[in-house]
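Reviewing the structure listed below.
Number of protein chains: 4
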Amino acid sequence: MSARYAYLGPAGTFTEAALRQVAAPDEATYLPQVDVVAAIEAVRTGSADYAVVAIENSVEGGVTAVLDALAVGDPLVVLREMLVPVTFTLAARPGTALADVRRISAHPHAWAQCRHWLADHLPGVVHVPATSNTAPAALLAGERTDLGFDAALVPPPAVQHYGLAVVAEHVSDNESAVTRFVLVGRPGRLPEPTGADKTTLVVHLPSNQAGALLEMLEQFSTRGVNLSRIESRPIGDSLGRYSFSIDAEGHLADERMAEALMGLHRVCPHVRFLGSYPRVDAPYGDVRPGTSDADFRDARAWVTALREASAT
Amino acid sequence: MSARYAYLGPAGTFTEAALRQVAAPDEATYLPQVDVVAAIEAVRTGSADYAVVAIENSVEGGVTAVLDALAVGDPLVVLREMLVPVTFTLAARPGTALADVRRISAHPHAWAQCRHWLADHLPGVVHVPATSNTAPAALLAGERTDLGFDAALVPPPAVQHYGLAVVAEHVSDNESAVTRFVLVGRPGRLPEPTGADKTTLVVHLPSNQAGALLEMLEQFSTRGVNLSRIESRPIGDSLGRYSFSIDAEGHLADERMAEALMGLHRVCPHVRFLGSYPRVDAPYGDVRPGTSDADFRDARAWVTALREASAT
Amino acid sequence: MSARYAYLGPAGTFTEAALRQVAAPDEATYLPQVDVVAAIEAVRTGSADYAVVAIENSVEGGVTAVLDALAVGDPLVVLREMLVPVTFTLAARPGTALADVRRISAHPHAWAQCRHWLADHLPGVVHVPATSNTAPAALLAGERTDLGFDAALVPPPAVQHYGLAVVAEHVSDNESAVTRFVLVGRPGRLPEPTGADKTTLVVHLPSNQAGALLEMLEQFSTRGVNLSRIESRPIGDSLGRYSFSIDAEGHLADERMAEALMGLHRVCPHVRFLGSYPRVDAPYGDVRPGTSDADFRDARAWVTALREASAT
Amino acid sequence: MSARYAYLGPAGTFTEAALRQVAAPDEATYLPQVDVVAAIEAVRTGSADYAVVAIENSVEGGVTAVLDALAVGDPLVVLREMLVPVTFTLAARPGTALADVRRISAHPHAWAQCRHWLADHLPGVVHVPATSNTAPAALLAGERTDLGFDAALVPPPAVQHYGLAVVAEHVSDNESAVTRFVLVGRPGRLPEPTGADKTTLVVHLPSNQAGALLEMLEQFSTRGVNLSRIESRPIGDSLGRYSFSIDAEGHLADERMAEALMGLHRVCPHVRFLGSYPRVDAPYGDVRPGTSDADFRDARAWVTALREASAT
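Sequence order for the protein chains is A, B, C and D.
When the letters of the first sequence are read in order and numbered with UniProt numbering, they come out as residues 1 to 312.
When the letters of the second sequence are read in order and numbered with UniProt numbering, they come out as residues 1 to 312.
When the letters of the third sequence are read in order and numbered with UniProt numbering, they come out as residues 1 to 312.
When the letters of the fourth sequence are read in order and numbered with UniProt numbering, they come out as residues 1 to 312.
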C-alpha cells in the first residue's frame with residue numbers, strides 16, 4: 001500500500017506543492033483535509049501515515065493552529081521540512097488578455113501580496129474577494145458564465161490542475177517569499193544527522209519573568225546551539241505562563257544538542273521533543289569553537305580522567 | 001462625525017465583539033473589511049480612524065498577517081487591547097431541538113474547539129465545513145431550505161445578529177479560551193500610564209546567533225522589564241536574519257522601559273515602537289527591586305553628584 | 001614515617017595554628033618555611049608530603065603568591081581547608097601589667113587590626129613596627145633587655161610557644177575575622193564528597209571582554225553551580241588576558257560540577273583543576289531545583305530514550 | 001608647600017620607583033611609611049596629600065590590604081596608575097665578582113623570581129632570607145663585615161641609593177613582570193577623560209548566588225563596558241556575602257559607564273566609586289558598536305522624541 005498523506009486541500013494549494021516535494025501523486029495516496037488540524041489528527045488516528053502542514057509564514061494560514069496541535073495530544077515528530085515559493089499567477093479562461101481584465105478574484109492575502117504589481121499593470125482593477133486561493137480557480141474551471149470576475153490570482157500549481165490559461169506569471173510583489181512546510185509522522189527512527197539539521201521543541205517556563213526566559217535560552221547558548229525560530233504561546237491553563245515553540249540548529253544526535261535538551265529537561269516544567277530533521281533552507285553557520293562532538297568527547301574524557309585519578 | 005473603525009467583518013465575528021468593547025455601534029461607524037490587512041491599511045490610507053485586529057491566539061486567523069502588517073509601512077501604534085472569550089454557541093433556526101441535530105456547519109477551527117462536547121452530546125453528528133464562523137449563520141438566516149445542515153457553531157454575538165435560536169451554549173471544550181485584540185491608530189498622544197501597561201515593539205537582530213538573541217533580551221532583563229510575548233519572524237530580505245515581535249510589561253513613560261528602549265536602539269539594527277497601552281489581562285507582578293522610577297532617579301542623582309564633585 | 005608538612009613558620013604563626021587542625025605536632029613532622037612559595041615547592045620536590053598555606057584574607061600575606069604558585073608548575077590539589085580566627089593577644093614578659101605598657105611591637109597589619117582597641121585602652125601608646133607576627137615574641141622570649149618595647153601583639157599560639165604572659169586577650173577590633181588556609185598535596189584520590197564541598201579551579205579567558213567573562217560564568221550558572229570566590233589575575237605573557245582563580249560550590253563527583261567543568265574545558269583555552277574538598281565555613285545553600293544528581297540522571301535517561309526510540 | 005606623598009618605604013623600594021614617576025624627590029615631600037595601610041591612612045588624616053600604593057601583582061605584598069583599606073573608611077579616589085617593571089639586580093659591595101658570590105640575601109619573593117637565573121649562573125648558591133627587598137641593601141651599605149652573605153637581590157633603584165656595585169642586571173626569570181601602583185587622593189576634580197581610562201569600584205552583592213554575580217556583571221556588559229580586573233572579597237559581617245573590587249574600562253564621563261553605574265546603584269546593596277583615571281598599560285580595544293557617547297545620545301533623542309510625540 002502506498003503511503004497516505006493528509007494535507008490542506010483541495011488540489012492546487014501551496015500545501016499540495018509542498019507535498020509533491022515529498023511524494024509524487026502516482027506513488028502515494030493524497031488525502032486532502034479541510035484544515036491543518038484535521039490533517040494532523042489524521043495521523044494520530046491512523047487514517048493517514050503522514051501530514052504536510054505549514055509551520056512558518058504561510059499565506060494559507062493555520063500556522064498557529066499547527067504549532068498548537070503539535071504541542072499537545074499524542075506525540076508526533078517532524079521528519080522533514082520543505083520550502084515552497086509563494087508566488088502567484090494571474091490566470092483566466094483561455095483567450096483572456098491582460099488588457100481584458102477588469103475584475104480579479106483573489107483571497108485577500110493573495111491580493112495583498114500582489115498589490116503593487118496590480119497598481120502598476122492594472123490600475124483601477126477591482127478586487128472580488130475569494131474564500132481560498134483555489135476557489136476562484138475551481139469557478140473558472142466550471143461552466144458558469146456569470147462569475148463576476150475575469151481572472152484570478154492563484155498558486156502556480158492550480159493553473160495546470162484546473163486547466164486555466166496564464167495571463168501573467170510572477171505577479172507577487174516579493175518574489176523571494178517562501179512558506180515553510182513540514183512532514184509530520186508518528187515517532188520512530190529519526191532521520192539521520194546530515195550536519196545541517198534542525199530540532200523542534202516545545203518548552204514551558206515556570207513564569208513570564210524575563211529572567212526565566214534568559215535562563216532557558218542559556219541552556220542553548222552555553223552549548224553553542226543557535227535558534228532559528230522562537231515563538232511564545234500563552235498556556236491556556238493559567239495567566240502569565242508561557243510555552244515556547246523553538247527551532248534549534250542541530251540534531252538530537254549532536255552532543256551539544258543532547259546536553260542542551262538535558263539542561264532544558266532539568267530546569268523547565270515541560271519539554272516536548274518534536275523531531276530532528278535536515279534543514280532545507282540554509283547550510284549551517286560554522287559550529288562555534290568548543291562545541292563540536294569532538295570537543296564534547298575531549299571534555300568528557302578530561303573529567304573522567306580527573307575522577308579516575310581520584311579513585312586510584 | 002463619529003469615529004470610523006475598520007475590522008474583520010461581517011457582523012457577528014469575534015472581532016466585532018472586540019470592537020463593541022471600544023465603541024457601541026450607535027456611537028461609531030463600523031467598517032467591516034475582508035481581512036485584517038485591509039483593516040490595517042484602511043487606517044493608513046485614512047479611510048478609517050482605527051482598526052480592531054486580533055494579535056494573539058485568534059480562532060479567526062490573521063495574527064501573523066497583523067504582526068507583519070504593523071511591522072512595516074507607515075507607522076501605527078496600538079492604543080488599547082481587548083480580550084474576547086472564544087466560546088461557541090450551537091445555533092439553529094427556531095424550533096430545532098438538540099435531539100434533531102444530525103449535521104452541523106462549522107469552520108474547522110470552531111469544530112476542533114468543540115470536538116469533545118460534540119462527541120459527548122451528539123455522538124455521530126456530521127461536520128459540514130464552513131469557510132468562516134459567520135457564513136453558516138448567514139445561511140440559517142436566509143430562505144434556503146436545502147442547507148445540508150441543521151445547526152451551526154457560531155460566535156455568541158452572531159446569534160442575535162442573525163436572529164437564530166440557541167440550541168446549546170458554551171459548547172467549547174476550553175471555556176477559558178480567549179483571543180487578544182488590539183485597537184490600532186495613527187501615532188499621536190499615547191495612552192496615559194496606568195501602572196499596568198504593555199509596550200509592543202518590533203526588533204531586528206543582526207544574526208540568528210543565540211548570543212545575539214540573549215544580548216537583545218538582556219536589554220530588558222538588566223532593567224527589570226519582563227516580556228509577555230515574543231515571536232521570531234524571518235526577515236524576507238535575507239536568510240538567517242530574524243525580526244522579533246515583542247510585548248514588554250510597562251509603559252514608555254516608565255524609566256526602566258525608556259532605558260531598555262535606548263539600549264535596543266543602540267545595539268539592534270532596527271527597532272519599531274508600536275505603542276504603550278493599558279494591559280487588560282492581568283495586573284503586574286511586583287516591580288523588581290531596584291527598577292522603580294524612584295530607583296532610577298536616585299541612581300541618576302548619585303551619578304550626577306559624582307560627576308559634579310569632579311567638576312568643583 | 002610520619003607525614004611531613006611544610007608551612008610558613010616559625011612556630012606560633014597563624015599558619016601553624018591551621019596546621020595543628022590537620023595534624024598534632026607529635027604525630028607529624030613540621031617543616032617551617034620562609035615563605036608560602038617555598039612551602040608549596042617543598043611538596044613538588046618531594047621534601048614534604050603536604051603544605052599548609054593561606055588562600056584568602058591572610059594577615060600574614062602571601063595569598064596572591066599562593067594562588068600564582070598553584071596555578072603553574074607541577075599539578076597539586078587542595079585536600080582540605082581550615083579556618084583560623086585572626087585575633088591578637090597583647091603579650092609581654094611575666095609581670096607586665098596593662099598600665100605599664102608604653103610601647104608595643106607589632107607587625108603593621110596586626111597594629112591596623114587592633115587600632116581601635118588600642119586607642120580606647122592605651123591612648124598614646126607607641127607603635128614599634130615588627131617584621132612578622134612572631135618576631136617580637138621571639139625577642140620577648142630572649143635575654144635582651146634593650147628591646148625598645150614593653151609588649152607585643154601576637155597570635156594566640158605564640159603566647160604559650162614563647163612562654164609569654166598575657167596582658168590582654170581578644171584585642172582585635174573585628175573579633176570575627178578569619179583567614180582561610182588550605183592543605184595542599186600531590187594529585188591522587190580526592191576527598192570523598194560530603195554534600196558540602198568546594199572545588200578550586202584556575203581558568204583562562206581568551207580576552208578581557210566582559211562577554212567572555214559572562215560566557216565563562218554561565219558555564220557554572222547554567223548548571224546551578226554557585227561561586228564562593230573569584231579573582232582575576234593578569235596572565236604574564238600578554239596584555240589584556242586574564243586568568244581567574246575560582247572556588248565553586250560542589251564536588252567533582254557531583255553531576256552539575258562535572259558538566260560545568262566539561263563546559264569550561266570546551267570554551268576556555270586553559271582550565272586547571274585544583275581539587276574538590278569539604279568546605280569548612282558554611283553548609284550549602286539548598287541545591288537549586290533541577291540541578292541535583294537525580295535531576296541530571298533523569299535528564300540523561302530522557303535524552304537516551306529519545307535517541308534510542310530513533311534507533312528502533 | 002610641595003605636595004606630600006606617603007608610600008611604602010624605605011628608599012629604594014619599587015613603590016618609590018612608582019612615586020618617582022609622579023613627582024621628582026626635589027619637587028615633593030616623600031613620606032615613607034611602614035606599610036600600605038599607614039600610607040592610605042596618612043591621606044585620610046591629612047598628614048599626606050597623596051599615597052602611592054601597589055594595587056596588583058606586587059612583589060612587596062600588601063595588595064589585599066590596599067583593596068580593603070580603600071573599600072571602607074573615608075572616601076578616597078584613585079587619580080593615576082603607574083607600572084613599575086619588577087626586575088632585580090644582583091648587587092654587592094664594590095669589587096665583588098660574580099664568581100665570588102656564594103651566599104645571597106634576598107626576600108623570598110625576590111628569590112623565587114630569580115630561581116632559574118640563579119640555577120643557571122650560580123649553581124649551589126645559598127639563599128639567606130631577608131625581611132624586605134631593601135633590608136640587605138642597607139646592610140651592604142653599612143659597616144658590618146659579618147653579614148653572612150656576599151651579594152643581594154635588590155630593586156634597581158636601591159643600587160644607586162645605597163651606593164652598591166652591580167654584579168649582574170636583569171636576573172629575574174620573567175623580564176616582563178610589572179607591578180601596578182596607584183596614586184590615591186581625597187575626592188575632588190576627577191582627571192579629564194583621555195579616551196583610554198579606567199574606573200575602579202567596590203560593589204557588594206546581596207548573596208553569593210552565581211545568578212547574582214551574573215546580574216551584576218550584566219550591568220557592565222549590557223552597556224559594552226569591559227572589565228580589566230575583578231576580585232571577590234568576603235564581607236566580614238556575614239558568611240556567604242561578597243564584595244567585588246573591580247576595574248572597568250572607561251571614565252565616569254562616558255555615557256556607557258554612567259549608565260552602568262546607575263544600574264549597579266539600583267541593584268546592588270552598596271557601590272563605592274574609587275575614581276576614573278587614565279590607564280597606563282594599554283590602549284582600549286575598540287568601543288563596541290552601539291556604545292559610544294554618540295550612540296547613547298542618539299538613543300536618548302529617539303526615546304525623547306517618542307515620548308514627546310505622545311504629548312503633542
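Every residue gets a Cβ at the ideal spot worked out from N, C-alpha and C, and that includes glycine.
| query | result |
| --- | --- |
| Evaluate contact between the segment 286 to 301 of chain A and the segment 242 to 262 of chain A, counting only Cβ atoms and requiring at least three cross-stretch pairs below 8 Å. | yes |
| Under the DSSP definition of a beta bridge, which residues are partnered with Gly185 of chain A? | A:Val77 |
| Can you say whether Glu143 of chain B is buried or exposed, counting buried as having 16 or more other CB atoms within 10 angstroms of its CB? | exposed |
| Taking Cβ-Cβ distances shorter than 8 Å, what residues in chain B pair up with Arg44 of chain A? | Those within 8 Å of Arg44 of chain A in chain B number zero; the least Cβ separation is about 12 Å. |
| Run down chain D in chain order and give the residues with a C-beta less than 9 Å from the C-beta of Arg307 of chain B. | Leu190, Leu252, Ala253, Ala258 |
| Give the DSSP-derived three-state secondary structure of Leu239 of chain D in the structure shown. | Low local confidence applies: a pLDDT of 49 at Leu239 of chain D is under 50, so the model's placement there is unreliable, with the coordinate-based value given in what follows. Coil at Leu239 of chain D, not helix or strand. |
| In the DSSP output, what is Ser276 of chain B paired with across the bridge? | B:Thr199 |
| Return helix, strand or coil for Ala38 of chain C, following the three-state DSSP convention. | helix |
| Under DSSP, the beta strand (DSSP E) around His127 of chain C begins and ends at which residues? | 126 to 129 |
| For Val267 of chain A, go through chain C and note every residue whose CB falls closer than 9 Å to its CB, in chain order. | Thr222, Gly224, Arg288, Pro289, Gly290, Thr291, Asp295 |
| Applying the 10 Å Cβ sphere with the 16-neighbour rule, what's the burial state of Met216 of chain C? | buried |
| How about Thr199 of chain D and Phe273 of chain D: are their beta carbons less than 9 Å apart? | yes |
| Distance check for Ala17 of chain B and Leu98 of chain B, CA to CA, integer angstroms please. | 26 Å |
| Compute the Euclidean distance between the alpha carbons of Pro10 of chain A and Met257 of chain A, then round it to the nearest angstrom. | 38 Å |
| Between Ser172 of chain C and the rest of its own chain, which residues show a CB-CB distance below 8 Å, the 5 nearest in sequence each way excluded? | Val86, Thr87, Phe88, Gln113, Cys114, Trp117 |
| Straight-line CA distance for Trp111 of chain B to Leu90 of chain B? | 11 Å |
| Pro123 of chain B by DSSP, collapsed to three states: which one? | coil |
| Here's the rule: buried if 16 or more other CB atoms are within 10 angstroms of the residue's CB, otherwise exposed. What is Met262 of chain A? | buried |
| Run through DSSP, which three-state label would Glu56 of chain B get? | strand |
| Compare the C-beta of Pro108 of chain A with all C-beta atoms of chain B and state if any pair is closer than 9 Å. | yes |
| When you compare the CB of Trp111 of chain D with every CB in chain B, is at least one pair closer than 9 Å? | no |
| Give the C-beta separation of Pro157 of chain C and Gly12 of chain C to the nearest angstrom, bearing in mind that I take them to be a contact with Cβ-Cβ under 8 Å. | 5 Å |
| List the residues of chain C that Val63 of chain D touches, going by C-beta distances under 8 Å, in chain order. | Thr64 |
| Could one say the Cβ of Val203 of chain C lies closer than 9 Å to chain D's Cβ atoms, at least one of them? | no |
| Residues of chain C with CB under 8 Å from Arg300 of chain A, in chain order? | Met262 |
| Anything in chain A within Cβ reach of Asn133 of chain B, meaning under 7 Å, just list it in chain order. | In chain order: nothing, as chain A lies at least about 13 Å away. |
| Let me make sure I understand the geometry here. Which of A:Thr64, A:Leu76, A:Tyr30, A:Pro269 has the alpha-carbon closest to that of Ile40 of chain A? | A:Leu76 |
| Assuming Val36 of chain B contacts Ala65 of chain B (C-beta within less than 8 Å), just tell me the rounded distance between them. | 5 Å |
| Quick check on DSSP: helix, strand or coil for Ser105 of chain A? | strand |
| Which residues of chain D have a Cβ atom closer than 7 Å to the Cβ of Phe273 of chain B, listed in chain order? | Leu306 |
| Do you know offhand how far Thr145 of chain B's Cα is from His161 of chain B's? | 20 Å |
| Using the C-alpha atoms, what's the distance from Ala48 of chain D back to Ala6 of chain D? | 6 Å |
| Would you identify the three-state DSSP class for Val287 of chain D, choosing helix, strand or coil? | coil |
| With Arg300 of chain C as the anchor, note down where its alpha helix (DSSP H) starts and where it stops. | 293 to 309 |
| I need the DSSP call for Ser232 of chain B, collapsed to helix, strand or coil. | strand |
| State the DSSP-derived secondary structure class of Leu227 of chain A, mapped to helix, strand or coil. | strand |
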